[in-house]
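In order, the protein sequences belong to chains A and B. So for the first sequence, the working numbering puts the first residue at 207; every next one is plus one. So for the second sequence, the working numbering puts the first residue at 207; every next one is plus one. Even glycine gets a Cβ: it sits at the ideal position worked out from N, Cα and C. Structure first, commentary second.
Number of protein chains: 2
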Amino acid sequence: MAKRVSTKDKILNAAEALFAEHGFEQTSLRQITADAEVNLASVNYHFGSKKALIQAVMARYLEVLMPALDRELAELAQRSQVTTRAVFDCFREPLNELRQVRKHGPTIFLSLLGYAYADIQGHLRRYTMDHFGDVMQRLLATLHLANPQLSPVDMFWRLHFVLGATVFAQVSGPALREIAAADFGEAIAADQVIDRLIPFLAGGVDAPTE
Amino acid sequence: MAKRVSTKDKILNAAEALFAEHGFEQTSLRQITADAEVNLASVNYHFGSKKALIQAVMARYLEVLMPALDRELAELAQRSQVTTRAVFDCFREPLNELRQVRKHGPTIFLSLLGYAYADIQGHLRRYTMDHFGDVMQRLLATLHLANPQLSPVDMFWRLHFVLGATVFAQVSGPALREIAAADFGEAIAADQVIDRLIPFLAGGVDAPTE
DNA sequence: GCACATTTTAAACATGCGTTTTAATTTAAA
DNA sequence: TTTAAATTAAAACGCATGTTTAAAATGTGC
Chain A
207 MAKRVSTKDK ILNAAEALFA EHGFEQTSLR QITADAEVNL ASVNYHFGSK
257 KALIQAVMAR YLEVLMPALD RELAELAQRS QVTTRAVFDC FREPLNELRQ
307 VRKHGPTIFL SLLGYAYADI QGHLRRYTMD HFGDVMQRLL ATLHLANPQL
357 SPVDMFWRLH FVLGATVFAQ VSGPALREIA AADFGEAIAA DQVIDRLIPF
407 LAGGVDAPTE
Chain B
207 MAKRVSTKDK ILNAAEALFA EHGFEQTSLR QITADAEVNL ASVNYHFGSK
257 KALIQAVMAR YLEVLMPALD RELAELAQRS QVTTRAVFDC FREPLNELRQ
307 VRKHGPTIFL SLLGYAYADI QGHLRRYTMD HFGDVMQRLL ATLHLANPQL
357 SPVDMFWRLH FVLGATVFAQ VSGPALREIA AADFGEAIAA DQVIDRLIPF
407 LAGGVDAPTE
């Protein structure tokens, strides 16, 4: 019954896979359109520009993740006791829901996020900051509930360290898992990296200040 | 008395500044040679290729940092008590010595390292891994002294989370410090970011496993 | 001061990029 | 079925990149 896939979706699917593997700047429209088996010009026809395509790729995930994360954080805030660990656990389910967008949605999205942040001076930084600014603020607030001893500026920095460790683990995830498998003879699935990551992050945020 | 600076050094100095700010791939030889006030072709004449120039830029720092870090780690290993925190403090002095190479050597180097890791599939990953492999092994061993309860594979992953948070903090450091200054009216120097980072990292590594 | 090697210079080369154009084709409405 | 709109297609445009070439300039040893 092979469903008909629109040119627009073919482009989005091919683009996000290449973006997640090689980054935005290093992926050309020619690679994308070749993988998608569509004409080169169709990207500019359907999206207007490469910039707009990148934003469309991100938007597909953000529109699923953001409301879900909001929901989880709001639910958590109502509890009497809020721990750092519980805050990070709020990410588990929303990330999982990204599988609705794409089979490996969680991994793809975090890779994209990594490249978005690596692209410091670009439009994407502003774009993601605009969309993530709200969640950041909510995160800061909720984490502050769990760690009232930390000053806002301390929390600000620690949250960004968290983001760095997360993003890095995903972007270099495939290579790292390969090394780990070779060194320890132990294969580790992408999802299990998150399980190793969360205790680390919680420990870092909960650490006493200097 | 203005010392005569060789073309080779002029290129290295201009290149590392641009690399640290914009990344390797996004910096063109034309930008570099313009800043260095040398001819475009001189890069290929003196270094052979852009790849080789990138490696030369990194090598200048690695050759200072590596022996210093070795020294510190060896010294620490002789003590009776080894804490995670003490291991990370081993980086302080070696990083500081990078000022001998360049005034803002520590910041520049960590930025370069960040971009080197972001460039996943490139030659630089292999190059830096080759040079950092030894130190990684030593780091793993020393950290295991401080945390015998962690399995090697757990330690492996935590060390990479550490690297991620560090690298990320530097790469997006200028932008983050700007945001922090705007949000909190508090300027934070690049060196102070390390002070905030180290407690976080130690807390993460010392955290109990799942 | 001459001859030879080293270095610098300007120009061109080949390639890949995002984008635009123009025409052909398909789709949908009347 | 006819007509207009939407989409696809092929080709070219303009530009930026790393690299190479070949000549000019500079430096070096005898």
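(message) Between B:G370 and A:A371, how many whole angstroms is the CB-CB distance? I'm expecting something under 8 Å.
(response) Walking along the second sequence from the start, residue 370 of chain B turns up at place 164. Walking along the first sequence from the start, residue 371 of chain A turns up at place 165. B:G370 to A:A371, Cβ: 4 Å. Contact.
(request) Spatial neighbours of B:L407 within its chain, please: CB distance less than 6 Å, with the 5 preceding and 5 following residues excluded, ordered by chain position. (result) Along the second sequence, one-based indexing puts residue 407 of chain B at 201. Taken in chain order, the residues that qualify are F294, V368.
(request) Would you kindly report the start and end of the unbroken alpha helix (DSSP H) that includes A:L304? (result) As a first step, residue 304 of chain A must be located in the first sequence, where it is residue number 98. It is not in any alpha helix (DSSP H) - A:L304 carries neither H nor E in the DSSP assignment.
(request) Compare the Cα-Cα distances from A:D401 to each of B:D401, B:T415, B:V411 and report the closest residue. (result) On the first sequence, residue 401 of chain A is found 195 positions in, with the first residue counted as 1. Of the candidates B:D401, B:T415, B:V411, the one whose C-alpha sits nearest the C-alpha of A:D401 is B:T415.
(request) Let me know the secondary structure DSSP gives A:G254 once reduced to three states. (result) On the first sequence, residue 254 of chain A is found 48 positions in, with the first residue counted as 1. Three-state result, A:G254: coil.
(request) Please determine, among A:R344, A:L271, A:R291, A:M342, the residue with the shortest C-alpha to C-alpha distance to A:R308. (result) Walking along the first sequence from the start, residue 308 of chain A turns up at place 102. Looking at the Cα atoms, A:L271 is the closest of the given residues.
(request) For chain B, find out if any of its Cβ atoms is closer than 8 Å to the Cβ of A:A226; answer yes or no. (result) Counting from one through the first sequence, the residue named residue 226 of chain A turns up at place 20. No - not a single Cβ of chain B is within 8 Å of the one on A:A226.
(request) Could you please give the first and the last residue of the uninterrupted alpha helix (DSSP H) stretch that includes B:L218? (result) Within the second sequence, numbered from 1, the residue matching residue 218 of chain B stands at position 12. First-last of the alpha helix (DSSP H) with B:L218: 213-228.
(request) Quick one: using the 10 Å Cβ neighbour count with 16 as the cut-off for buried, is B:D215 buried or exposed? (result) Reading the second sequence from its first residue, position 9 is the one you call residue 215 of chain B. Answer is exposed; the Cβ neighbour count stays below 16.
(message) Short of 8 Å Cβ to Cβ, which residues in the region 341-370 of chain B face chain A?
(response) Within the region 341-370 of chain B, the qualifying residues are P358, V359, D360, F362, W363, R364, H366, F367, V368, L369, G370.
(message) Helix, strand or coil for A:R236? Go by DSSP, reduced to three states.
(response) Here residue 236 of chain A corresponds to residue number 30 of the first sequence, with the count starting at 1. When secondary structure is reduced to three states using DSSP, A:R236 falls in the helix class.
(request) For B:E231, return the contacting residues in chain A, with the cut-off set at a CB-CB distance below 8 Å. (result) Here residue 231 of chain B corresponds to residue number 25 of the second sequence, with the count starting at 1. Near B:E231 (Cβ distances below 8 Å), the residues of chain A are E231, Q232.
(request) Can you tell me which of A:S357, A:I217, A:S286 puts its alpha carbon nearest to the alpha carbon of A:A262? (result) As a first step, residue 262 of chain A is located in the first sequence; it is residue number 56 there, counting from the start. The option with the nearest alpha carbon to A:A262 is A:I217.
(request) Thinking A:A352 and A:T289 are a contact (beta carbons under 8 Å), I'd like their distance in whole angstroms, please. (result) Sequence index remark: in the first sequence, residue 352 of chain A carries index 146 (1-based). Sequence index remark: in the first sequence, residue 289 of chain A carries index 83 (1-based). With a beta-carbon spacing of about 5 Å, A:A352 and A:T289 fall inside the 8 Å limit used to define contacts.
(request) Can you give me the Cβ contacts of B:E312 inside the same chain, cut-off strictly under 6 Å, excluding the 5 residues immediately before and after it? (result) Here residue 312 of chain B corresponds to residue number 106 of the second sequence, with the count starting at 1. Reading off the sequence, residue 312 of chain B comes out as Pro, not Glu. Excluding five sequence positions before and after B:P312, the CB atoms of its chain that fall closer than 6 Å to its own CB belong to L301, L304, given in chain order.
(message) Need the endpoints of the alpha helix (DSSP H) that B:A292 sits in, please.
(response) Reading the second sequence from its first residue, position 86 is the one you call residue 292 of chain B. Element bounds for B:A292: 290-295.
(request) Could you tell me the distance, in whole angstroms, from the CA atom of A:S420 to the CA atom of B:H252? (result) Past the boundaries of the shown model lies residue 420 of chain A; chain A is included only from 207 to 416, so the question cannot be answered.
(request) Report yes or no: is there a C-beta of chain B within less than 8 Å of the C-beta of A:R266? (result) Numbered from its first residue, the first sequence carries residue 266 of chain A at position 60. Judged by the 8 Å Cβ criterion, A:R266 is not in contact with chain B.
(request) Spell out a yes or no on whether the region 337-352 of chain A and the region 275-289 of chain A are touching, meaning 3 or more CB-CB pairs, one atom from each, closer than 8 Å. (result) At 8 Å Cβ cutoff, the stretches touch.
(request) With DSSP as the reference, label B:R364 as helix, strand or coil. (result) For the purposes of this step, residue 364 of chain B is taken as residue 158 along the second sequence, with counting starting at 1. Three-state result, B:R364: helix.
(request) List the residues of chain A whose Cβ lies closer than 9 Å to the Cβ of B:D336, in chain order. (result) Here residue 336 of chain B refers to the residue found at position 130 when the second sequence is read from its first residue. Here the premise fails: no neighbours, minimum Cβ distance about 13 Å.
(message) Please classify B:S357 as buried or exposed, where buried requires at least 16 other C-beta atoms within 10 Å of its C-beta.
(response) As a first step, residue 357 of chain B must be located in the second sequence, where it is residue number 151. B:S357 should be labelled exposed.
(request) Check the Cβ-Cβ distances between B:P312 and every residue of chain A, and say whether any is below 8 Å. (result) Along the second sequence, read from residue 1 onward, the residue named residue 312 of chain B stands at position 106. B:P312 does not count as touching chain A.
(request) Return the CA-CA distance between A:F230 and A:R298, expressed in angstroms with no decimal places. (result) Position 24 of the first sequence, counted from the first residue, corresponds to residue 230 of chain A. Position 92 of the first sequence, counted from the first residue, corresponds to residue 298 of chain A. Linking A:F230 to A:R298 through their CA atoms gives a straight-line distance of about 26 Å.
(request) Could you have a look at B:E416 and say whether DSSP puts it in helix, strand or coil? (result) Your numbering for residue 416 of chain B matches position 210 in the second sequence. Secondary structure of B:E416 (DSSP, three-state): coil.
(message) Determine whether the beta carbon atoms of B:R364 and B:G410 lie at a separation below 8 Å.
(response) The count along the second sequence starts at 1 and reaches residue 364 of chain B at position 158. The count along the second sequence starts at 1 and reaches residue 410 of chain B at position 204. It is a contact, given that the beta carbons lie within the stated cut-off.
(message) Against chain A, with Cβ distances strictly below 8 Å, would B:T415 count as a contact?
(response) For the purposes of this step, residue 415 of chain B is taken as the residue at position 209 of the second sequence. Yes, because at least one Cβ of chain A sits closer than 8 Å to the Cβ of B:T415.
(request) Report the option in A:I314, A:A413, A:N245 whose CA atom is closest to the CA atom of A:Y267. (result) As a position in the first sequence, residue 267 of chain A is number 61, starting the count at 1. The option with the nearest alpha carbon to A:Y267 is A:I314.
(request) Could you list which residues in chain B have their beta carbon closer than 7 Å to that of A:L407, in chain order? (result) Looking up residue 407 of chain A in the first sequence gives position 201. G410, listed in chain order.
(message) If you measure between the beta carbons of B:I238 and B:A220, is that distance less than 8 Å?
(response) By 1-based counting over the second sequence, the position of residue 238 of chain B is 32. By 1-based counting over the second sequence, the position of residue 220 of chain B is 14. Taking 8 Å as the Cβ cut-off, B:I238 and B:A220 qualify as a contacting pair.
(request) Please name the residue, chosen from B:V373, B:S234, B:D412, that lies closest to B:S317 on a Cα-to-Cα basis. (result) As a first step, residue 317 of chain B is located in the second sequence; it is residue number 111 there, counting from the start. The shortest Cα separation from B:S317 among B:V373, B:S234, B:D412 belongs to B:V373.
(message) Just to make sure I have the definition right: I need the residues of chain B whose C-beta is within less than 7 Å of the C-beta of A:F294. Which are they?
(response) In the first sequence, the residue the question calls residue 294 of chain A occupies position 88. Ordered by position in chain B, no residue passes the 7 Å Cβ test against A:F294, which lies about 12 Å from the chain.
(request) Please classify B:Q287: does DSSP put it in a helix, a strand, or coil? (result) Here residue 287 of chain B refers to the residue found at position 81 of the second sequence. Here B:Q287 sits in coil by DSSP.
(request) Just the chain B side, please: which residues come within less than 7 Å of A:L403 by C-beta, in chain order? (result) Along the first sequence, one-based indexing puts residue 403 of chain A at 197. Contact annotation for A:L403 against chain B: F367 [CB-CB distance below 7 Å, chain order].
(message) If you reduce the DSSP assignment to three classes, tell me which class A:L259 lands in.
(response) Sequence index remark: in the first sequence, residue 259 of chain A carries index 53 (1-based). In this structure, A:L259 counts as helix in the three-state DSSP scheme.
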